[in-house]
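Novice: In terms of our numbering, the sequence shown opens at residue 2 and continues consecutively.
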Amino acid sequence: MRAARDVDPGLAAAVPFRFACSRCGHCCSGGDGYAWLDVDEVEPLARALDMTAASFVALHAREATHPVTGERRLALRERGDGRCTLLEGRNTCRAYTARPRHCRDFPYWPSVMAGGAGFEAARATCPGIAVLVPGERAVAAFALLAELYAALDEHAEANSRPTSCCLDTNVSDELFMSALEADYAAECARASAAEAPTDDGVATCRLGRARPLGCRGAQTDPARAEQARARLRAIERETGHPVAYGAAHALLAARGVRVNDEPPESRA
């Protein structure tokens, strides 16, 4: 497990955050909103799709009134379900290398950087946004989480460990975790405190003692696992830790943590 500390423009936001794109496609399929398109961006997009500029505008663009300036502008077109017409499958942009500046700049939009409703909407959409938690609040939350993990481990069933790691790329979409758990895992990585894998004949968790409830819950009875999830939510309330929940790889990547030797394959 590795942690990285990169300078991130989000650190200067009203609500400081770090961002790492997980190629989830959520920002391209979030429903209401606009992906603004400048006139000089039409031709590169059309070339990326091997079509004329006029055909691209007819199929993939629309005119809309900017809610702040009142001007009429081009925006990428959406399907009836709110998904961008350039989105193919679950999370693949057909013109990713030529995507508009508005897409490239997310989440560092002025409305997001200013905090408030704009930031909350972006955070609810994007698991790659990791809010920085004040030190004292984080320390308190981490201590309570560690206690919860230890208590759950006491009741773990000895023979219930999976034969493959939940963070393997072929099953990673199945593992979810909370922002608190991801923050704790990142802190363990920075402190080099995670347990090293052992050769015990089965796959071991790459997060060591920071493995989330999604892993631990599978090793105990369902009722106790549900109690642990309820306690996790209580810890968030008690400490005021920002609440978020998403795919483990996405939340960990947003915090500079890689659990594989190579970064996740770009899919959007």
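Quick reminder that beta carbons are idealized off the backbone N, C-alpha and C, glycines included.
Do the segment 208-227 and the segment 118-126 make contact, defined as three or more Cβ pairs closer than 8 Å?
Specialist: Cβ pair count under 8 Å is below three, so no.
Novice: Which value, in whole angstroms, describes the spacing of the CA atoms of G259 and R73?
Specialist: Counted from its first residue, the sequence shown places residue 259 at position 258. Counted from its first residue, the sequence shown places residue 73 at position 72. Inspection of the sequence shows that residue 259 is occupied by Arg rather than by Gly. Going by the C-alpha atoms only, they are around 43 Å apart.
Novice: Quick check: the Cα distance between L181 and E42, rounded to an integer number of angstroms?
Specialist: Sequence index remark: in the sequence shown, residue 181 carries index 180 (1-based). Sequence index remark: in the sequence shown, residue 42 carries index 41 (1-based). Using only the alpha carbons, I get a separation of about 39 Å.
Novice: Identify, in the order they occur along the chain, each residue of the same chain with its Cβ nearer than 7 Å to the Cβ of C94, setting aside the five sequence neighbours on each side.
Specialist: To locate residue 94, count along the sequence shown from 1; it is residue 93. Here the set comprises C29, L87, L88, R100, A269.
Novice: Are the beta-carbon atoms belonging to S23 and H250 less than 8 Å from one another?
Specialist: Within the sequence shown, numbered from 1, the residue matching residue 23 stands at position 22. Within the sequence shown, numbered from 1, the residue matching residue 250 stands at position 249. Cβ distance < 8 Å, so S23 and H250 count as in contact.
Novice: From the DSSP output, in three-state form, read off R24 for me.
Specialist: On the sequence shown, position 23 is the one that residue 24 refers to. Coil, per DSSP.
Novice: Are the beta-carbon atoms belonging to P128 and C25 less than 8 Å from one another?
Specialist: To locate residue 128, count along the sequence shown from 1; it is residue 127. To locate residue 25, count along the sequence shown from 1; it is residue 24. The answer is yes: Cβ separation under 8 Å.
Novice: Taking the CB atoms as reference points, tell me whether A115 and F18 lie closer together than 8 Å.
Specialist: Translated into positions along the sequence shown, residue 115 becomes position 114. Translated into positions along the sequence shown, residue 18 becomes position 17. No, they are not a contact pair.
Novice: For the segment 102-170, list the beta strand (DSSP E) runs that are entirely contained and at least 3 residues long, ordered along the chain.
Specialist: Fully enclosed beta strand (DSSP E) runs of 3 or longer: 130-132.
Novice: Got a sec, what are the start and stop residues for the beta strand (DSSP E) R63 sits in?
Specialist: Taking the first residue of the sequence shown as position 1, residue 63 is located at position 62. From DSSP, the beta strand (DSSP E) with R63 extends over 62-66.
Novice: Starting from the Cα of G136, find the closest Cα among Y246, A21, G257, H242 and give me that residue.
Specialist: Position 135 of the sequence shown holds residue 136. Closest by alpha carbon: H242.
Novice: Taking 7 Å as the limit between beta carbons, can you name the residues of its chain near A142, skipping five residues before and five after?
Specialist: Indexing the sequence shown from 1 puts residue 142 at position 141. So the list reads L181, I236, T240, H242, once near-sequence residues are dropped.
Novice: Provide the residue span of the alpha helix (DSSP H) that contains R48, from first to last.
Specialist: The sequence position of residue 48 within the sequence shown is 47, counting from 1. Taken as a continuous stretch (DSSP letters only), the alpha helix (DSSP H) holding R48 covers 43-49.
Novice: Measure how close the beta-carbons of A76 and S179 come, nearest whole angstrom, since I'm counting them as under 8 Å.
Specialist: Residue 76 sits at position 75 when you count from the first residue of the sequence shown. Residue 179 sits at position 178 when you count from the first residue of the sequence shown. At roughly 34 Å, the Cβ-Cβ gap does not stay under 8 Å, so A76 and S179 are not in contact.
Novice: For V140 and H27, I'd like the C-alpha separation in whole angstroms.
Specialist: Here residue 140 refers to the residue found at position 139 when the sequence shown is read from its first residue. Here residue 27 refers to the residue found at position 26 when the sequence shown is read from its first residue. Cα-Cα distance, rounded: 31 Å.
Novice: Give the straight-line distance between the Cα atoms of A21 and L46, rounded to the nearest whole angstrom.
Specialist: What you label residue 21 is simply residue 20 of the sequence shown in a count that begins at 1. What you label residue 46 is simply residue 45 of the sequence shown in a count that begins at 1. Each residue's alpha carbon lies about 24 Å from the other.
Novice: Within 7 Å: the Cβ of R102 and any heavy atom of the ligand GTP?
Specialist: Questions concerning the ligand GTP fall outside what the structure shown contains, since it holds no ligand whatsoever.
Novice: Could you check if A151 is buried or exposed, using at least 16 other CB atoms within 10 Å of its CB as the buried criterion?
Specialist: What you label residue 151 is simply residue 150 of the sequence shown in a count that begins at 1. Answer is exposed; the Cβ neighbour count stays below 16.
Novice: By how many angstroms is the C-alpha of G11 removed from the C-alpha of H67?
Specialist: Taking the sequence shown and counting its residues from 1, the one referred to as residue 67 is at position 66. Taking the sequence shown and counting its residues from 1, the one referred to as residue 11 is at position 10. H67 and G11: Cα-Cα distance of roughly 24 Å.
Novice: Do A224 and L149 have their beta-carbon atoms positioned less than 8 Å apart in this structure?
Specialist: Reading the sequence shown from its first residue, position 148 is the one you call residue 149. Reading the sequence shown from its first residue, position 223 is the one you call residue 224. No, the pair does not count as a contact, with Cβ atoms beyond the cut-off.
Novice: Less than 8 Å between the CB atoms is what I'm expecting for A183 and L253, so what's the real figure, rounded?
Specialist: Reading the sequence shown from its first residue, position 182 is the one you call residue 183. Reading the sequence shown from its first residue, position 252 is the one you call residue 253. Rounded, the Cβ-Cβ distance is 6 Å, consistent with contact.
Novice: Can you grab the Cα-Cα spacing for the pair F57 / C85, in whole Å?
Specialist: Along the sequence shown, one-based indexing puts residue 57 at 56. Along the sequence shown, one-based indexing puts residue 85 at 84. Cα to Cα, F57 sits roughly 13 Å from C85.
Novice: What's the call for T126, buried or exposed, on a 16-neighbour Cβ count within 10 Å?
Specialist: Working through the sequence shown from its first residue, we reach residue 126 at position 125. The residue is buried, with at least 16 neighbouring Cβ atoms inside 10 Å.
Novice: Among A231, G257, A118, whose alpha-carbon lies nearest the alpha-carbon of Y185?
Specialist: Locating residue 185 in the sequence shown gives position 184, counting from the first residue. Nearest of A231, G257, A118 to Y185, Cα basis: G257.
Novice: Excluding five sequence neighbours on each side, which residues of the same chain lie with their C-beta closer than 8 Å to the C-beta of D9?
Specialist: Taking the sequence shown and counting its residues from 1, the one referred to as residue 9 is at position 8. Cβ within range, chain order: F18, R19, F20.
Novice: Tell me where the alpha helix (DSSP H) around Y185 begins and ends.
Specialist: Start at 1 with the first residue of the sequence shown, and residue 185 comes out as number 184. Note, Y185: alpha helix (DSSP H), 180-191.
Novice: Leaving out five residues on either side along the sequence, give the residues of the same chain with a beta carbon under 8 Å from the beta carbon of T53.
Specialist: Stepping through the sequence shown from its first residue, residue 53 is reached at position 52. Here the set comprises A47.
Novice: Which of the three DSSP states is assigned to V16 in this structure?
Specialist: On the sequence shown, residue 16 is found 15 positions in, with the first residue counted as 1. It is coil, neither helix nor strand.
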